Structures are given as C-alpha cells and as structure tokens.
Amino acid sequence: MTAEIAGLDPLQLDTIAFVVLLSVLPLVSYGAVQGIVPLWAFGLALLVAGALVPLVTELALREDEDDEDGENEDDEDGENEDDENGENNEDENGESA
Amino acid sequence: MVAVVEQLPVDALHWLVSLGPILVLLVLLIRYSWPAHVAAVVAMFLAAGIAVALFQTPALALAVAAAKGVWDAVFILYVVWPALLMYLITQRAGALYAIQKGLQDFSTNDLFLVLAFGWVFVSFLQGITGFGAPIAIVAPLLLALGVRPVYAVAIPLIGHAWNNNFGTLAVGWFATDSVAPMQAPVETAIHTSLLHTIPIVLGGFAIAWLYGRSDALRHAWPMIVVIAIVQSVALLLVSIYSPFIAGFLAAAAAMVALYPLSRWDRYDTQHQPFDRPAMSEQMRQDVATDGGTPAEDETGEPEPLMGLFEALLPYLVLLVVAVVVAFPAVDEILGQVEVGFPFPAVETGYLEHDAEDPYEPFAILTHPGTIILVGVVVGWLLYRRRGYYEEWQEVMETSPHVEEEPRFRRSLLENGAPASLAIVLLVVMATIMVDSGQITVLALGIAAVVSPTIYLFLANAIGVLGAFMTGSNTASNIMFSPLHDQAAAELELPQWTVLGAQMTGGAVGNAISPSNVVLGTGTVGIVGDEGEVLRKTIPWVLAVTVLVGVLTILVAGFAFAGGA
Chain A
498 MTAEIAGLDP LQLDTIAFVV LLSVLPLVSY GAVQGIVPLW AFGLALLVAG ALVPLVTELA
558 LREDEDDEDG ENEDDEDGEN EDDENGENNE DENGESA
Chain B
27 MVAVVEQLPV DALHWLVSLG PILVLLVLLI RYSWPAHVAA VVAMFLAAGI AVALFQTPAL
87 ALAVAAAKGV WDAVFILYVV WPALLMYLIT QRAGALYAIQ KGLQDFSTND LFLVLAFGWV
147 FVSFLQGITG FGAPIAIVAP LLLALGVRPV YAVAIPLIGH AWNNNFGTLA VGWFATDSVA
207 PMQAPVETAI HTSLLHTIPI VLGGFAIAWL YGRSDALRHA WPMIVVIAIV QSVALLLVSI
267 YSPFIAGFLA AAAAMVALYP LSRWDRYDTQ HQPFDRPAMS EQMRQDVATD GGTPAEDETG
327 EPEPLMGLFE ALLPYLVLLV VAVVVAFPAV DEILGQVEVG FPFPAVETGY LEHDAEDPYE
387 PFAILTHPGT IILVGVVVGW LLYRRRGYYE EWQEVMETSP HVEEEPRFRR SLLENGAPAS
447 LAIVLLVVMA TIMVDSGQIT VLALGIAAVV SPTIYLFLAN AIGVLGAFMT GSNTASNIMF
507 SPLHDQAAAE LELPQWTVLG AQMTGGAVGN AISPSNVVLG TGTVGIVGDE GEVLRKTIPW
567 VLAVTVLVGV LTILVAGFAF AGGA
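Set out below in structure tokens:
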C-alpha cells in the first residue's frame, strides 16, 4: 500500500483535518453570536473541508491499493514493464499515482 | 431549552429517512469495513442533508448544531488525549512491562494466570487506556502462556468488555452525559453499575469455560466469585462518588485481590490435569511459588526496570488527585473556572433552540482530563529523573522479547488522530440529528410501536449494536443516547435505567466488534480467523445481552416501586 498521498502521510492529513474541524467551533460561535455571516459561513465551509479530508484520503488509498493489486497480478504474468525497471506506480516526482 | 414550533412529522417516511444516517454508518462499517472516522463523514453529511431537505434546517442552525457538536466532542477528547499520554509515558518507561511481570510472578497455575491476564489485567488496562490497546497487549501475553491463538484473542475480548464504559477513565460515561445530559447522575451510576454485574460475572465464568469446560469452572469458581464481587462492589460504590475513576479503581482493586488468591494453595500451584481446549501446550507441573520471585529468568526475558509500586505510581497520583478534587469544598473552589462558547438562538422548521451563553461549559480544573494530566506530569518527571526512558529504549532495541515501538509523537498521533476524528464527526452527526428533530422522530416512532417493557429489554441490545458497528463504547453512546433519552421521556421510563442499559450494551458489544477482533488476530498472527474468534465471543454477548435485558426490566421495576 502506498503510504503517502501527494507527499503527505495519511496520519498528517488526519491530524490536519482534526485541527480544521476544531477551528469550526470559535468561528461559528463568534460569527453566529455577532451576526457576521461570512465568518460562520466560513466555519461551516471548514466543517465540510475538514470532513472531506479523511474521506478523500481513504478513497485515494483504496485506489492505490487497487492499482497495486492490479499491477501485482500483472507482475505474476510477467507483463509489467514498469516494475521490471523498478519504477512501480510513482510519477516523476516520486508521488503516488 | 428547546421549543416546538410546529408538530414534528412522525410518519413512516420521516422515520425511515431519519434512520438513514445510522443505517449508512452500519453498512459502511460492517459491509465495507470502512474505518469509523471515514464512515462517520458520509453519515454526517447524510444527516446534514436530511436536516436541510426534510427538517427545514437553515444553514445557520446547521452551523450552530455542528459547532455545538465540536464543543461536546472537545469535552470527550480532553479525556482521550491525556489518557493516551498516560498510557504512552508509562509504556515507554517500561512500567506496563513491570506490571505484567509482577503478575506473572504471582503463580504457576495456568488457569489462574489465564484469568489474571485475560480477565483482571486486561480490564485494568481498559480502565486506564482503551483504543484497543488492552487486546493488543494481552493477546500476545496469553499466547506466550501457551493459549491457542484463537482463544488468546477471544479471552481478552470477553474479559475487558465490562470495563469499556467506566474504563479509559469513564470516557464512555462522559460521552453519554455530553449528548444526553443525565437527569440523575447518582441513580444512573447505580443502575449502570448494577447492570454491569452481568458482563463481569459471566466474563469470568466464560473464560474459565473456554479454558477447560466444567473442570475449569469447578477449579476456578472461588476465584471468579471473589474477583467478580470485588469488581462489582467497587464499581458500584466508586461510581456513585466519582464515575471518572470507578472503572480504574474497580479493576485495580481486582488486581490487588489477585495477590491473596495467588497465595492460596489452590491457585499457587498447577491445577489437577484435565482437558484444556484453550491450551496448546502440555501442562506444566510446577512447584509453588510461595511468593518468591524467580532468581533467573530462564526464558531470557528482560527484568523489569522498576517495582510494582513505582510502575503504578502515576495512576496512584491520579487517584489521589481525583479523590481530593471530588471533595465538595475543593470542587466548589476549583469548579469556578469554567470554559465554554456562546451560541445564539436558532430555529428550524419544527424546533426552536434558545441562545446559550455559554453552551454546556465545563470546569477545566476539575475536568477528568486535567486530573489525568497531573498523573502524566508526575509520572513523566519521575521516570525521566530515574532514566527509565533511555534504559527501556535500549531494552526495546536489544531484547527479542520486547517489541520496539514507533516514536512517541507518532504513536500518540496514530492512536489519537483517527479516534479524535471519529469522535468529532460522530458527535457532530448526533447533534445535527438531535437539533434538527431526526432523533425525536426516531424516538417517537419507536415509542409508538413498542411497549415500555420491551423497550427496556431491547435498550442494551441497541448499545451492543452501536459498539459492534463502531468498535467503540463511546461512539455507541454518542450515537444512541439521544435516542434513548427521548424514547425514555416518551415512554415515561426512568432515563437513568435506559441510559444504564445503553452504556452496558455499548461495553459488551466491544467483544464482537470487528475492529477489535481484527486488532487481536493481527497481534497474534491469525488474520483471517476472525470468524473463529467471533464463534467464541458471539454466544457470550448474546447471553449477556438477554440477561442484561431482563435485569434492566427488574431494575426499572424497582425504580418504579420507589427505589433508586
């Protein structure tokens, strides 16, 4: 399984998502009490963004797993040229596909 | 305060749709094996979508409900993170290893040791940590004692279950209180503790049965009775005074009770030969230990760096601070420092929520998280001063008997971040469902078709289901306590009994939670044998669920008759 997505460890992404979700609290509280619509709306947007991070991470990891499973199957047939060259499924920047 | 603006639509469509987020969570967790913190995202978005589309919830009300959920989660997380820190600062100093070795020196009786590790020690660990760590620690220990792998996973799953709610320094209890404020905390503590006696007693007997059927039961019953009484009575008495330390103290009292039991001839030496389906090794016929410690460790395992007292010192400090803080005079002074966030009044199409300034504040200095942090700081300073961290790091690097752990910060985040995300998202989902009226519709719907007695019987089964789905007593309580709260009000049942049943069921369900089972099979190298483990734990959970259901009716009946 590829342990990184766009150069970031899933654990780091989870930690970032957690901090983003926590920041919803002061923004919505202050914005709603003071009637500053853009502030509480931004808080709500952060809730959506923070919640999407673990979902997107999981889906990306599953896609990577599927890709690797597919390539492993190909390897068994001796058909994967990339792996013969030791390149696996990483792009030129070394990032996961 | 919540006021009804317009009669909530309690019909089949709204009831089924309101059930949607919970069903989706269930399917993603069980059918597709998604981690809780990912499945919770989908369920939360669905709950929000239903709130907007069918319960006429405007964006402001949605934002306020979500932010209230984050605040409710902070209350829980302020227990989770310090508890995790406590676990890591003791584990990295070799203190947990010292406690394990201390127990092993007690006796050479295999059945005694299986019960000591698989029932008493695992629930002690559950009292202080959680997050699956008790299973991950004890399953390999049982394997080392000669227990077959499938049994090495099933036994701690059963043994630790009772202490899930009051364990991890009562995080499950506080989660319940956070989403369904307890009308009568003392009565709730009493009823919950009484219901916990079933998984406690049946836990001990089930483990002995798994070990060696009726022969093992005949040999172990005095020990099981003594330990079960200690755990049940301590849980009952302490939970009335301070639920925060009840699970820890009840489990610690049972650990203490092991010592005199180990000095009894019956358990000091190996038992008489009989068939032992749980054991893979030939029976040893060792001599009595007579309380002596082995001079040489023939297995090559490293000697503990510290004694039992020193290993337990951070927990003892925590205990003393908790007791002092619980004194009314101290509580009154320290309780004056409160923190919280204000929220304005909001209205949905059906409900109106008053402004709150602050919303559900908590007293930071008497909060369990602060008390745990005191124990963490004292323990860390002590172990650091004695140089245990460097010494134990060396042991981890050189000894083949001690597994090397990842760096401290990484371990902290690996355990804490996904669990925290799951808690935040599940609580936000729960508050959106509560504030929009979805939970009320579910509760009113159930109340319309189920009699109060049947509801009492089923209440703990709902808790079991929640824990099975999420692998967490806390998550189960967060998800279902608001529903129980409102159903209890609708059916005119005592809230404290119904919540007690939920919390007990939530604890028991951990024994069959796929995530816990996989954690166990992974640590003893039998991944793929989860079905075999579940075949051992499911009958136990079913038996406990039925008996807790019956006891819930009896306890509620006592309450109706004018009792607690």
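Same order as they appear, the protein sequences are chains A and B.
Those letters in the first sequence? Residues 498 to 594, by the working numbering.
Those letters in the second sequence? Residues 27 to 590, by the working numbering.
Even glycine gets a Cβ: it sits at the ideal position worked out from N, Cα and C.
Just so we're clear, the structure is a prediction, and the values are computed from it rather than from any experiment.
Three or more pairs of CB atoms, one per stretch, sit closer than 8 Å, so the region 464-476 of chain B contacts the region 35-48 of chain B. DSSP, reduced to helix, strand and coil, places G535 (chain B) within a helical segment of the structure shown. Collapsing the DSSP output to three states places F369 (chain B) in a strand.
Burial state of Q126 (chain B) is buried, judged by a 10 Å Cβ sphere holding 16 or more other Cβ atoms. Our two residues, G375 (chain B) and T83 (chain B), have alpha carbons roughly 6 Å apart in a direct line. In this structure, the straight-line span from the alpha carbon of A246 (chain B) to that of G185 (chain B) is close to 15 Å. Of the residues assessed, D301 (chain B) falls on the exposed side of the cut-off, its CB having fewer than 16 other CB atoms within 10 angstroms.
Close partners of V78 (chain B) in chain A (Cβ separation under 7 Å) are lacking, with about 12 Å as the shortest Cβ gap. Take the alpha-carbon of D131 (chain B) and the one of T554 (chain A): they are about 46 Å apart. In the pairwise beta carbon analysis, the region 504-511 of chain B is classified as not touching the region 541-552 of chain B: fewer than three pairs are separated by under 8 Å.
Interface residue (Cβ-Cβ distance to chain B less than 8 Å): E565 (chain A) is not classified as such.
It is roughly 7 Å from the alpha-carbon of E558 (chain B) to the alpha-carbon of V176 (chain B). Between Q531 (chain A) and V363 (chain B), the alpha-carbon positions lie close to 24 Å from each other. The continuous beta strand (DSSP E) containing F388 (chain B) extends over residues 382-389.
G547 (chain A) and N499 (chain B) have their C-alpha atoms roughly 24 Å apart. At least 8 Å separates the CB of E560 (chain A) from every CB of chain B. Looking at the DSSP output, M305 (chain B) bridges to B:V173.
For V67 (chain B), at least one C-beta of chain A is nearer than 8 Å to its own C-beta. Residue nearest to V402 (chain B) within the set B:A232, B:L111, B:D98, B:L88 is B:L111 (criterion: CA-CA distance). Restricted to the region 407-485 of chain B, the alpha helix (DSSP H) segments that are unbroken, complete and at least 4 residues in length are 414-424, 434-462, 464-475, listed in chain order. Under the DSSP assignment, E329 (chain B) falls outside any alpha helix (DSSP H); it carries neither an H nor an E label. Legend: CB atoms of the region 443-473 of chain B lying less than 7 Å from CB atoms of chain A belong to residues A443, P444, S446, L447, V450, L451.
Contact annotation: in the region 537-556 of chain A, residues whose CB is within less than 9 Å of a CB in chain B are W537, A538, G540, L541, L544, V545, G547, A548, L549, V550, P551, L552, T554, E555, L556. Classified as exposed, A38 (chain B) has fewer than 16 neighbouring CB atoms from the shown chains inside 10 Å of its CB. Neighbours of P523 (chain A) in chain B, taken as residues whose beta carbon is under 9 Å from its own, are A93, F367 in chain order. Around G395 (chain B), the same chain offers Y104, V105, P108 as residues with beta carbons nearer than 6 Å, after the five sequence neighbours per side are excluded.
Around N486 (chain B), the same chain offers L221, A527, Q528, T530, G531, V534, T571, V574, G575, T578 as residues with beta carbons nearer than 8 Å, after the five sequence neighbours per side are excluded. Interface residue (Cβ-Cβ distance to chain A less than 8 Å): H63 (chain B) is classified as such. According to DSSP, E364 (chain B) shares a beta bridge with B:A389. Scanning B:V453, B:I359, B:V90 for the CA closest to the CA of P370 (chain B) turns up B:V90. The count of Cβ pairs closer than 8 Å, one atom from the region 267-278 of chain B and one from the region 194-203 of chain B, reaches three, so the stretches are in contact. Cβ atoms of V543 (chain B) and L568 (chain B) stay farther apart than 8 Å, at about 16 Å. Taking CB atoms only, F71 (chain B) has a neighbour in chain A less than 8 Å away. Remark: three or more beta-carbon pairs, one from each stretch, lie closer than 8 Å, so the region 91-98 of chain B and the region 445-458 of chain B are flagged as touching.
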